[in-house]
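Using UniProt numbering, the final residue of the sequence shown is 518, and nothing's skipped along the way.
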Amino acid sequence: MKHSQSKQSRQKLAPLPKKIVVFLYPQSVEVTQLHETLGIESEIDLTIRKLKDWAAPRPVEKNLLTMSDTVYVHPEPLGVVLIIGAWNYPWAVTVGPLIGAIAAGNAAVVKPSEVCVHTAKVMEDLLPIYIDKELYPVVTGGVPETQELLRQRFDHIFYTGNSMVGKLIMEAAAKNLTPVTLELGGKSPCYIDKNCDITIACRRTAWGKYTNCGQTCIAPDYILCEPSMQDRIIEEIKKALKEFYTDNPKTCADYGRIINQRHFKRIINMLDDCTIAAGGENDEANCYIAPTLLRDVKPEAKVMQEEIFGPLLPIITVSGVDEAIEFINKGEKPLALYVFSSDNKVIDRIRDETSSGGFVANDCLVHYSISSLPFGGVGNSGMGCYHGKYSFDQLSHLRGCLIKKLNMEGVNNVRYPPHTPKKLSWARFILLKSSSLGWIGRMAMLAILVVVAAVALQVQGHMYTALLYMACFKNNACIKICDSGRSTMHIMCLVRQNNNFPLFHICSTKQGKKDRKK
């Protein structure tokens, strides 16, 4: 697909976010816009504004052998992308990758999660209104439909979900050597240091944890803190919960529900060996679980064996930052890692001595909203990234291009047989040493190489007539080699530096030493 066509498709998508709000959540417009549609609008706006720059050829640094050539990266579409969405934020994590696929010029098959049946139906009805259903079909259904899709050959598969299914996706993709982007999850830690504003830290942690009833892939999964801080943290989080969701979260329009009864039972079973410090109330018929705090949680507890993906927040006590880092590193690499501290040394240590998809200090979740940051996992939490330009690059083939000229063959002789130690020395210098000279040094060395090449062109004492011209460094520097047909050659290198034009003039003649020096 041409990029002009993809721009038209994205422009047609622009009204979609408002339709999503009307169709899905007439009772909670603000929540829907904040969690689902604002991000989509931002991605569409950014992509429309920046696509021309993203799709343009990208010049890269050259070496001496390619100084007069054109070297660039050319983004091109992959082909057909399969996008398998998730149920927790079904529009944001499905349409977001779709925007990137369209921007990169791909066709795409969209497979919403079978868990959110009603949203999948609305998606199937809405998307064809705004974009070509032949290029971007929506396939609904359950596991059999997904398995059948995975038996087809795609050029890229983009999956958002859990690690177990991610492994199955990768296994299916491997049969066709199809590249994948896996946005998975994991147990994202939150370390609260003693040197921070505890009230603000707990307020932001509570918001990050209990938004969407804890069903967020980058929600803080558990808190690490020193024993002396545990009671204070519990009290501050309870205050924040009352502020956010009133004394009765069950009747609060801003507090959600668990997606279905299967997940409800899974989460409730995690409470078996835990001490509840706050919350714990639940209603299976309505898939309601109150915001719940768990204290003095042991590492071997059920709640610590898998990603919670629900409104349970365990607190594990550690002796300090050293033990916190050790604890984090014992587990799989998480999708996000949070630290609250006023001490930059603590922040730097946790960042540098751990690994995670994203890292946030003194807040939760908000890095997801920054399109200039890559969003993705590492290790068990996923591979690849997206958002903004990262979506475009992830779903493009970045094709390396070199357009050479047919002159300067004397310089290229170093690579041709017969191979000699002298040629190898020149090749080593050109490929390994020249990058350390700086661009002025490379220009001077190129002038010397041109002299060598010109000498190589002499046949039976006669120099061929030649005229070589090379413009480089955005036309701020040039080398010109002239031969009048006699035995005199002039090489001039004009180098722009600090708005001055110092002249390098190398003369080679058959005259005496005095004239040659001159």
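Where is the CB? At the ideal position from N, CA and C, for every residue including glycine.
- In the structure shown, PRO128 falls within a helical segment according to DSSP collapsed to helix, strand and coil.
- In the three-state reduction of the DSSP assignment, PHE158 falls in the strand class, which pools E and B.
- Contact between ALA107 and LEU135 holds: their C-beta atoms lie close to 5 Å from each other, under 8 Å.
- Around the beta carbon of THR251, fewer than 16 other beta carbons lie within 10 angstroms, which makes this residue exposed.
- By alpha-carbon distance to ASN380, the top candidate from LEU98, LEU182 and ASP343 is LEU182.
- Here THR211 is not near ALA201, since their CB atoms are 9 Å or more apart.
- Under the three-state reduction of DSSP, LYS423 is assigned to helix.
- When the Cα atoms are used, LEU64 and ASP53 turn out to be separated by approximately 28 Å.
- In the structure shown, the three-state DSSP call for GLY400 is strand.
- Cβ-Cβ distances below 6 Å link ILE370 to nothing in the same chain once the five nearest sequence neighbours on each side are left out.
- Using a Cβ distance threshold of 9 Å, GLY208 and GLY377 do not count as a contacting pair.
- With contact defined as three or more Cβ pairs closer than 8 Å, the segment 157-174 and the segment 118-132 are not in contact.
- Approximately 7 Å separates the beta-carbon atoms of CYS213 and GLY310; this is inside 8 Å, confirming the contact.
- Straight-line measurement puts the Cα of THR420 at about 53 Å from the Cα of ILE350.
- The criterion of a C-beta distance shorter than 9 Å is not satisfied by ASN362 and SER396.
- Apart from sequence neighbours up to five positions away, the residues of its chain that approach HIS367 with a beta-carbon distance below 7 Å are GLY358, VAL360 and LEU373, ordered along the chain.
- As computed with DSSP, ARG58 is found in a beta bridge with VAL73.
- Note that the C-beta distance between THR140 and ILE157 is not below 9 Å.
- For the pair of segments examined, the segment 382-398 was found to touch the segment 67-82: the number of CB pairs separated by less than 8 Å reaches three.
- DSSP places TYR210 inside the alpha helix (DSSP H), whose first and last residues are 198-210.
- For CYS190 against THR205, the beta-carbon gap comes to about 6 Å, under 8 Å, which counts as contact.
- Three or more pairs of CB atoms, one per stretch, sit closer than 8 Å, so the segment 111-125 contacts the segment 86-101.
- Between the alpha carbons of PHE392 and ILE40 lies a gap of roughly 15 Å.
- When the five nearest sequence neighbours on each side are left out, the beta carbons in the same chain lying within less than 6 Å of the beta carbon of LEU127 are those of VAL138, in order along the chain.
- Annotation for ALA278: the continuous beta strand (DSSP E) segment containing it runs 275-278.
- Cβ-Cβ distances below 6 Å link GLU409 to nothing in the same chain once the five nearest sequence neighbours on each side are left out.
- Cβ-Cβ distances below 7 Å link LEU402 to THR66, ASP69 and VAL71 in the same chain, with the five nearest sequence neighbours on each side left out; the list follows chain order.
- Here DSSP, grouped into helix, strand and coil, assigns ARG415 to helix.
- Non-local beta-carbon contacts of ASP343 in its own chain, meaning distances under 7 Å to residues more than five positions away in sequence, involve ASP193 and ASN195 in chain order.
- Judged by beta-carbon spacing, TYR386 lies beyond the 9 Å limit of GLY85, meaning their Cβ atoms are not closer than that value.
- Secondary structure in the segment 219-266: the alpha helix (DSSP H) runs of 4 residues or longer, each lying completely within the stretch, are 230-245 in chain order.
- Secondary structure note for THR181: its beta strand (DSSP E) is the uninterrupted segment 180-183.
- Residue pairing by DSSP places LEU313 opposite LEU293 in a beta bridge.
- The alpha helix (DSSP H) runs of length 4 or more contained entirely in the segment 341-365 are, from start to end of the chain, 344-352.
- Of the candidates ALA56, ILE83, LYS62 and GLU61, ALA56 places its Cα closest to the Cα of PRO75.
- C-alpha of LYS423 to C-alpha of VAL414: approximately 5 Å in a straight line.
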